[in-house]
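Here my numbering is used: position 44 in the sequence shown is 213, and no number is missing along the way. A virtual CB, placed ideally from N, CA and C, is assigned to each residue, including glycine.
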Amino acid sequence: MADNFTATAFYRALKEEGQIVGVKCQACGHLSPEPRPMCPICHGFDMVSHRFSGKAKLDTFTCISIVPVSMAAKGYGRDKPYCSGIVTLEEGPRISARISGVDGANPQNIKNGMDVVLDVADLDEESPSVAFKPA
């Protein structure tokens, strides 16, 4: 069963199903969007797959203009920064994600607390990352 709780399985579900598939601890009910075979709260191993809705709220964000090579290849850089943030999923857990569909050069249009939804439109197989866009 632990084979299902790997990063490979997480990104396969993200790409093929367009969903975040994390885990839920059967013993204490803790939800985690990250795949893991052991609960970080009660340390139990009775984990089952859990599908998250893909709805969230943006907690905080930053716009990045000094970009890694993978983001430069997508056209981001000094003149076109990209945004990254922390979102709280509708079910409660928080996750780090890229914020797509926003103008990083004009962050006044991006607001903490705004509704966002999972965005798998430009999921890159070489360096996959979770992204959310404004709802």
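Neighbourhood of G261 by C-beta distance below 8 Å, restricted to the same chain and skipping five residues each side
Correct list, in chain order: L200.
Is it buried or exposed, I210, if we count other Cβ atoms within 10 angstroms and call 16 or more buried?
That one is exposed.
Let me know the beta strand (DSSP E) ranges lying completely inside the segment 214 to 298, each 3 residues or longer, listed in chain order.
With a minimum length of 3 residues, the continuous beta strand (DSSP E) runs that stay inside the segment 214 to 298 are 216 to 220, 224 to 233, 251 to 258, 263 to 268 and 284 to 287.
Can we say the segment 186 to 197 touches the segment 247 to 254, given the rule of at least three CB pairs closer than 8 Å?
Pairwise C-beta distances place the segment 186 to 197 out of contact with the segment 247 to 254, as fewer than three of them are shorter than 8 Å.
Check whether the segment 257 to 276 and the segment 217 to 225 touch, using three or more Cβ-Cβ pairs below 8 Å as the test.
Judged by pairs of C-beta atoms under 8 Å, the segment 257 to 276 touches the segment 217 to 225, as three or more such pairs exist.
Beta-carbon gap between V190 and F221 smaller than 9 Å
Closer than 9 Å, so yes.
Rounding to the nearest angstrom, what Cα-Cα distance links D248 and A178 in this structure?
Going by C-alpha positions, D248 is about 35 Å away from A178.
Is it buried or exposed, I268, if we count other Cβ atoms within 10 angstroms and call 16 or more buried?
By the Cβ-count criterion, I268 is buried, with 16 or more other Cβ atoms from all chains shown falling within 10 Å of its own Cβ.
Assign C250 to one of two classes, buried (16 or more other C-beta atoms within 10 Å of its C-beta) or exposed (fewer than that).
Going by the sequence as given, residue 250 is Pro instead of Cys. Counting Cβ neighbours within 10 Å, P250 comes out buried, since at least 16 surround it.
Hey, quick one: how far does the beta strand (DSSP E) through A196 stretch, first residue to last?
Where A196 is concerned, there is no enclosing beta strand (DSSP E), given that its DSSP letter is neither H nor E.
Give the DSSP bridge partners of L200, in chain order.
DSSP, once it has assigned bridges, lists K193 as partnering L200.
Quick check on D311: buried or exposed, where buried means 16 or more other Cβ atoms within 10 Å of its Cβ?
Nothing about residue 311 can be read from this structure; the chain reaches only from 170 to 304.
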